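Notes to accompany the following structure.
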Amino acid sequence: MLLPYTPGLELDDRLMRAIEPVLKDLTASFSNMSMTVALCDAQARMVQRHGGGRQLLQRLDEINFAPGFDASERVAGTNGVGTALAGRGPIYLAGREHFSDCLQPFSCAGAPIRDPLSGRIEAVLDLTCLRGDGDPAMLRLVREAARDIETRLLEQATERERALLAAYRRACRDTDGSGGRPRHAPRALSSSGPENGRLGRIDLAVLREKAEELLAAPQRTLDTVALSGGREATLLRHAVTGAAGETGAVVEVRLLGGPSLRHVGLTAPTESGRPTAPTAPTATPLTVVPATPTSVPWRHVLPPAVGPPPPSAAAASPALAVAGPQPRPRAGTEGNGSDSGSVDGWVLLVGEPGVGRLAVLARKRLELLHDASVCIGTTLHVTRTAEELAEVTVPRFADLVVVDLPDSVLLGDEPEPLGGQTPLRRVALGTVREELPVYGVGDPVQYVPSTPQARCLETGQPVLEPVLADAEGWIAQEPARFGRALTVGIHSLITVPLRARGTILGVASFYRSEKPAPFEDDDLSLAQELAARAAICIDNARRYTREHNTALALQRSLLPRGRPEQNAVEAAYRYLPAQAGVGGDWFDIIPLSGARVALVVGDVVGHGLHAAATMGRLRTAVHNFSALELQPDELLTQLDDLVGGLDPAEPWSVEPGYPDPGIVGATCLYAVYDPVSRRCTLARAGHPQPAVVGPDGSVEFVDLPSGPPLGLGGMPFETAELELAEGSQLVLYTDGLVEDRCRDIDAGLHKLRAVLASADREPEDTCEAVLDALLPARPADDVALLVARTRVMGSDQVAQWDLPSDPAVVSRSRAAVTAQLTAWGLDELAFATELVASELVTNAIRHAVGPLRLRLLRDRALICEVSDGSSTLPRLRRARSEDEGGRGLFLVAQLTERWGTRYTGEGKTIWTELPLP
């Protein structure tokens, strides 16, 4: 196998000091086995190879698995070194799990070695043997060896910090003894402060945070921190080199001012003898070297003097050069450090700059995670949740973030298993600059199998591509577009699956373009945590979307799907669900007999499936009661009894362990309009009062007595009767239109009156105007609005005759009907209508009492009505062959399209409808 070769590879001394003891013990443990232990660098190039029998080494040499050769997965296929590095975790491969045929006779286990402070992969450890000698336990051995090496690296860092602190303390002690600037011995932070010399926890936390930032910034040496109680602290960063060559930094804190400390600035004299403004001390590097006869233990170098040094300091020690402004001791102390003085200093933090950088990064990552937990998932909207992930992470973590989801997740459906070639859609994009060559929001995205996103979806594991220029699989998605992306600076990528409750919902990709540093392993962990939190919120939003869509579909199926055929009113309506979920508002337009129409608006308290289902039951009940031709108050009474029966829990309809919420409240307004008499009869049960807009634009709210909400029972409902001018608009609505948490119902009614005050406006325009003016941006309750403009049937469409209760009038009624139909041009209906009128008049004379009235209406159908003063309900029955009568209503039913009876205040009316030719 041909592999790239690099001679003379070595790892740095720090790594080798930690690796060599572990490598020696591991190799010795395999002395009786044919097993090689290979050490490779972070580019999968072999540095050392130990152990193994002659046969094994010979076969490994044949395939160039030897020091200097490249074993990365890109050039050698799957193997213990390259696959562990690519997957960034331990791996065990045996036989045919190797991609290359020449590697299939072997078994191997590899594990990356990470710097425990930075998390960066520094090397790879590999165990390789012949396939017959392989054992999955090799994975445990190589993992434990890698952990031992990482532990030794951590111990080295701890030893270096101890050495740096010891060097700094020696330097401070020597300075105090040789006349240098006053410096107190290191003490606990809690031992200094304005009250008994004590600092609070908040001040300590602030100092620690600022010290970490200063330690992580090699270009900065000083910082000033404002503390509580009027105090001020100065942080100074000193570079330190220990006796063994350790390099690091020390941050010293110096308190100035406060109730028990006189605020003394660091001053320099001027020609006038007056001190200048306080000058902050300057941080100085400390160098500690081994003591020799020709050198001092350490050298403290300060910048050029601002003024002449104190005489005592200048003559203190010939071995120490000290210049610059010094803290001025309080009177009586003579600078001997025996008193607390006005300047109090101690060591706050010691460490290596790289470690300080990691501490700052760790804190910033924790802050980012905290902000993500607060800012992601503020709504139950899938797209908005994905956008919040992008908003939180740009630019704090990445310079470009994209979120891709399948359409099924956007619709709330259960997502199917996602694969590398599953069609996705770009739902969110966050970037620090515009016009990047990437897919836009709403674009369909289908990744090719070689891309990191496809591998991420296939394996369910995140993928880190620190250098995108080397990621040929990513560029293969669309070479032209992604080539331009590299040109504009996009250089690093982390792609993470959005997994929630064991299901992958999509993929999030984080890119860097402005930040020069590539993504690292710690960034990969942070991206996983961010994606996991976002995925849970997205899944919650998806589940809510599914339930919301289900409830909305149920409700819309229960609401009117179109305007019914009727000529009494010109109607327009709107229904808008609440932002919180589907509610129980409904409306209806129900054609009645005699060319009349019923207008209904109702509201069930609550949201969700239960409210929608209850609304459907009540709407069906209203339809059934309307078919009985009940008066509005009687209909509400029947509906009230029905709701009272539905409210208690029904044991057979409730699943065990789930309480039945019942109907906690419902309101309803029922109105019947007659276009012949122009009279409108209304009744309401706890519902807002309707509004009437006159033809001239005047607005009045109907003074209609408000009955109790449905289901309470015990109280009768009252009706009101209005006479409406032609062209008047009757406006019915639910309380969500005029009332919410931020607006009182009186204010809403006042605004509604102002909006409705307009003449000659179409019902559709009235609906739009009302919703635009009154509906909030995010309605908390659903809204139903029904606007009906009245029409009137003219005298040319109505014909009626008052008849005495005398059999002789039957013939006259037939003649009158025939004449009227001829006048209307409906001669085709003359025979059937004459027969129907004759039968109805005859039955009224024989079985009813009081005066009779015959009426013809020419509407959508030809309506023939006969009214009398009796309340006896006619009943259709099948006459026997020997019966002489009983066939009249049967003939009426056969000749007409439909027929029925309604009760009136004077008796009843039998009506029939014949279709117009």
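Residue numbers for the sequence shown follow the working numbering, beginning at -11 and rising by one.
For glycine and all other residues, C-beta sits at the position ideal for the given N, C-alpha and C.
Everything numeric in this text was worked out from a predicted model, so none of it was measured.
Using a Cβ distance threshold of 9 Å, T491 and P411 do not count as a contacting pair. Between the alpha carbons of R766 and E110 lies a distance of about 54 Å. Close CB contacts of R128 within its chain, under the 7 Å cut and outside five residues either way in sequence, are absent. Excluding five sequence positions before and after F705, the CB atoms of its chain that fall closer than 7 Å to its own CB belong to D621, L624, T625, A671, A673, G695, given in chain order.
Taken through DSSP and simplified to helix, strand or coil, S686 comes out as coil. In the three-state reduction of the DSSP assignment, I364 falls in the coil class.
Secondary structure at L456: helix, using DSSP grouped into helix, strand and coil. In the pairwise beta carbon analysis, the segment 11 to 25 is classified as touching the segment 35 to 49: at least three pairs are separated by under 8 Å. Distance from the Cα of V455 is smallest, within the candidate group T884, G477, E466, for G477. Contact check for L224 against V239 passes: the beta carbons are separated by less than 9 Å. Only buried fits Q554, as 16 or more other CB atoms lie within 10 angstroms of its CB. T707 and R372 have their C-alpha atoms some 48 Å from each other. Per DSSP, the beta-bridge partners of G339 are A237. Residues Q788, W789, L791, S801, A825, V829, V854 of the same chain have their beta carbon placed closer than 7 Å to that of L842, with the five preceding and five following residues left out of the count.
Secondary structure at V780: coil, using DSSP grouped into helix, strand and coil. When DSSP states are grouped into helix, strand and coil, A772 belongs to the strand group. For the pair G461 and P485, the CB atoms are not nearer than the 9 Å cut-off.
Residue pairing by DSSP places A679 opposite F689, V719 in a beta bridge. Apart from sequence neighbours up to five positions away, the residues of its chain that approach V35 with a beta-carbon distance below 8 Å are L(-3), E(-2), L(-1), L27, C28, D29, P55, A111, ordered along the chain.
Assigned with DSSP and collapsed to three states, K896 falls in strand. Considering only L424, R421, Q449, R413, the residue with the shortest C-alpha distance to P432 is R413. Ranked by Cα distance from L(-9), the first of T381, R666, E61 is E61. Counted as a single uninterrupted DSSP element, the alpha helix (DSSP H) harbouring A804 occupies residues 797 to 812. The alpha carbon of G400 has as its nearest neighbour, out of V719, D114, E535, the alpha carbon of E535. With a cutoff of 9 Å on beta-carbon distance, Q677 and D662 are scored as not near each other.
Shown here, I526 sits in a helix according to DSSP, grouped into three states. Just measuring C-alpha positions, the residue of C852, L879, A849 sitting nearest R863 is L879.
In the three-state reduction of the DSSP assignment, Q543 falls in the helix class, which pools H, G and I. Around the beta-carbon of S497, 16 or more other beta-carbon atoms lie within 10 Å, marking it buried. Distance from the CA of V420 to the CA of R384, rounded to the nearest whole angstrom, comes to 10 Å.
Taken through DSSP and simplified to helix, strand or coil, T66 comes out as coil. Within the same chain, Cβ atoms closer than 7 Å to the Cβ of E827 are found at G876, L879, V880, the five residues on either side in sequence being excluded.
A residue is called buried when at least 16 other Cβ atoms come within 10 angstroms of its Cβ; I101 meets this threshold and is buried.
Annotated three-state conformation of I733 is helix, per DSSP. DSSP places H835 in the uninterrupted alpha helix (DSSP H) bounded by 818 to 835. When secondary structure is reduced to three states using DSSP, Y435 falls in the coil class, being assigned neither helix nor strand.
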